[in-house]
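Under numbering that gives the first Met the number 0, residues 0 to 437 are what the sequence shown spells out, in order.
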Amino acid sequence: MITKVKGTYDILPSETRKWQELEAVIFQVSRLYNFKEIRTPIFEASELFHRSVGEASDIVKKETYDFSDRGDRLITLRPEGTAAIVRSVIENKLYADPIQPQKLYYVGPMFRYERPQKGRQRQFHQFGAEALGSYSPALDAEVIAYAITLLKALRIPNVSVKINSLGDSDSKAAYRTELLQYLKPKISELCPDCQARFKVNPLRVLDCKIDKDSPILVNAPKPLDSLSLVAKTHFQGVLSRLDAMGIAYVVDKSLVRGLDYYTHTVFEFEADLPTLGAQATLGGGGRYNDLVKSLDGPDYPAVGFAFGIERLLLALESGEKAPKENYIHAFMIVLGERSQPKAAELLIDLRHGGLIVDTDFLMRPLKTQFKQAERLNAMYIIIFGDDELNNDVVNVKNAKTGVQETIKTIDLYQYIVKGIQNQTSTCSGHCDSCEDEC
Ligand code: AMP
0 MITKVKGTYD
10 ILPSETRKWQ
20 ELEAVIFQVS
30 RLYNFKEIRT
40 PIFEASELFH
50 RSVGEASDIV
60 KKETYDFSDR
70 GDRLITLRPE
80 GTAAIVRSVI
90 ENKLYADPIQ
100 PQKLYYVGPM
110 FRYERPQKGR
120 QRQFHQFGAE
130 ALGSYSPALD
140 AEVIAYAITL
150 LKALRIPNVS
160 VKINSLGDSD
170 SKAAYRTELL
180 QYLKPKISEL
190 CPDCQARFKV
200 NPLRVLDCKI
210 DKDSPILVNA
220 PKPLDSLSLV
230 AKTHFQGVLS
240 RLDAMGIAYV
250 VDKSLVRGLD
260 YYTHTVFEFE
270 ADLPTLGAQA
280 TLGGGGRYND
290 LVKSLDGPDY
300 PAVGFAFGIE
310 RLLLALESGE
320 KAPKENYIHA
330 FMIVLGERSQ
340 PKAAELLIDL
350 RHGGLIVDTD
360 FLMRPLKTQF
370 KQAERLNAMY
380 IIIFGDDELN
390 NDVVNVKNAK
400 TGVQETIKTI
410 DLYQYIVKGI
420 QNQTSTCSGH
430 CDSCEDEC
């Protein structure tokens, strides 16, 4: 038997409803903030990620899926969304679009060769947003607010926002020199990863998971203390807008994030929830004012974030309201060959009327079909056999109350719709529309 590749998994039919519901919330909230969807290819030229994400990042050093195609092109399965969006923005000249800033979002699979564990896979999915074309701190606050509205709409509890500033490129350079001087005599005491990072990108040493509590890193100078006046003003501009919107945050001076391209604001969303285990970070992002230019585009500043969809789904399990179970409005039990054509007619009428209906396709006995209706969580069970066909009636059983009635075929649709409405008003928890009232 050929099995799935390590670190990948199937999203089975019993799971997809949760995904669709989550995606529906993403689409709604994106509409509220007027972010528009962009879809880019799943693989790109390897150079794109090497030049943007950074040679020193864990992602490029040890996690990308690289291969050469049959035309000897070096290809990488995308490990994240931002670089590809920036490539597309440059290639399609979206920076010259009359609508500015460009507010974009994406949803899709990403690939990283990591050690698989709960909340960490080799193929995973991200929802991300990129807002490009403005230096204003209002845009940083806008993307953070967008993310917060999403988490609120999903009712994910115990969320905290960590925020920091790395400063503009000048402040980053000044800080880099200071950090190098500080770390140089001590670096041999830190882990091998830190020693490698020290040579290529010392800022990333602060990000070390192994040595994060060592006094060397705790007492290291922090980017926030080396900000230029411009960078300080920008950061204050972001924080004051978050304050005005009532968005709580914690300034975390050690937050640097794993990707090289960030400047100014960086932030992370964490949720303290048992279902997340060790993977408490739901998402994160920051400003990347120089990335477009460094990929041969114009001077075009930007800020964005990415959330792991699998993590959001895990967090939803601890949420105020777990996603509703799968259900259907009705299951039609069809008995006997003669009643089949009429049953098909009834089914299509119910479906064209907007009802979720299923039926039997295996000519199973009555009892087994009842079992199937129960498994599908049908609100109503319609029984249709030769007798019913002859008398132009159907038997309809309310799965919740057990009440069974014989009604005229012509009244079937109205009967079920009314029944669903009644159940809604008495809060059965079955339907979509009652969600907010209950
Ligand atoms: P990053 O692009 O590294 O900033 O990651 C953004 C978010 O994507 C993280 O906070 C996680 O929620 C999610 N994520 C990153 N890597 C993985 C992975 N290997 N498996 C599942 N989710 C991931």
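We put the beta carbon where it would ideally sit given N, CA and C, even for glycine. This structure is a prediction, so every number in the text was calculated from the model and none was measured.
Where residue i falls: helix, strand or coil (DSSP)
i, result
"residue 34", "coil"
"residue 135", "coil"
"residue 120", "coil"
"residue 337", "coil"
"residue 421", "helix"
"residue 277", "coil"
"residue 286", "strand"
"residue 145", "helix"
"residue 56", "coil"
"residue 129", "strand"
"residue 255", "coil"
"residue 24", "helix"
"residue 204", "helix"
"residue 322", "Low confidence applies to residue 322: its pLDDT is 44, below 50, so where it sits in the model is not reliable enough to give any reading."
"residue 217", "helix"
"residue 4", "coil"
"residue 427", "Bear in mind that a pLDDT of 41 at residue 427, under 50, signals an unreliable position, so the model cannot answer this."
Contact under 8 angstroms by Cβ, residue i with residue j
i, j, result
"residue 257", "residue 120", "no"
"residue 265", "residue 282", "no"
"residue 129", "residue 81", "yes"
"residue 117", "residue 276", "yes"
"residue 246", "residue 160", "yes"
"residue 79", "residue 305", "yes"
"residue 189", "residue 213", "yes"
"residue 230", "residue 167", "yes"
"residue 3", "residue 312", "no"
"residue 296", "residue 94", "yes"
"residue 216", "residue 202", "no"
"residue 53", "residue 259", "yes"
Alpha-carbon spacing of residue i relative to residue j, whole angstroms
i, j, result
"residue 200", "residue 114", "24 angstroms"
"residue 225", "residue 56", "23 angstroms"
"residue 363", "residue 393", "19 angstroms"
"residue 268", "residue 138", "17 angstroms"
"residue 338", "residue 124", "46 angstroms"
"residue 374", "residue 156", "31 angstroms"
"residue 321", "residue 315", "Note that residue 321 has pLDDT 47, beneath the 50 cutoff, so the model's placement of it is unreliable and the number below is only indicative. Near 6 angstroms, if we compare the C-alpha coordinates of residue 315 and residue 321."
"residue 372", "residue 9", "25 angstroms"
"residue 357", "residue 59", "48 angstroms"
"residue 77", "residue 43", "7 angstroms"
"residue 19", "residue 192", "39 angstroms"
"residue 420", "residue 272", "36 angstroms"
"residue 49", "residue 290", "12 angstroms"
"residue 262", "residue 0", "49 angstroms"
"residue 417", "residue 153", "30 angstroms"
"residue 194", "residue 250", "27 angstroms"
"residue 73", "residue 33", "36 angstroms"
"residue 30", "residue 218", "44 angstroms"
"residue 400", "residue 38", "47 angstroms"
"residue 368", "residue 354", "19 angstroms"
"residue 13", "residue 390", "38 angstroms"
"residue 331", "residue 325", "17 angstroms"
"residue 87", "residue 240", "30 angstroms"
"residue 349", "residue 105", "35 angstroms"
"residue 378", "residue 329", "6 angstroms"
"residue 344", "residue 365", "20 angstroms"
Bridge-paired residues (DSSP) for residue i
i, result
"residue 329", "356, 379"
"residue 42", "76"
"residue 392", "407"
"residue 448", "The structure shown does not extend to residue 448, since the chain spans only 0 to 437, so no value can be given for it."
"residue 402", "Looking at the DSSP assignment, residue 402 forms no beta bridge with any residue, so it has no partner."
"residue 250", "162"
Residue range of the alpha helix (DSSP H) that includes residue i
i, result
"residue 301", "Per DSSP, residue 301 belongs to no alpha helix (DSSP H); it is in the beta strand (DSSP E), 301–307."
"residue 236", "228–243"
"residue 366", "365–374"
"residue 81", "81–90"
"residue 108", "Residue 108 -> not in any alpha helix (DSSP H); beta strand (DSSP E) instead, spanning 101–110."
"residue 177", "168–182"
"residue 192", "191–199"
"residue 98", "First-last for residue 98: undefined, no H or E at that position."
Span of the beta strand (DSSP E), counted from its first residue to its last, around residue i
i, result
"residue 161", "158–164"
"residue 502", "Since the first residue of the chain shown is 0 and the last is 437, residue 502 is not available in this structure."
Cβ of residue i within 8 angstroms of any chain D Cβ
i, result
"residue 224", "In summary, chain D is missing from the structure at hand, where a single protein chain is found."
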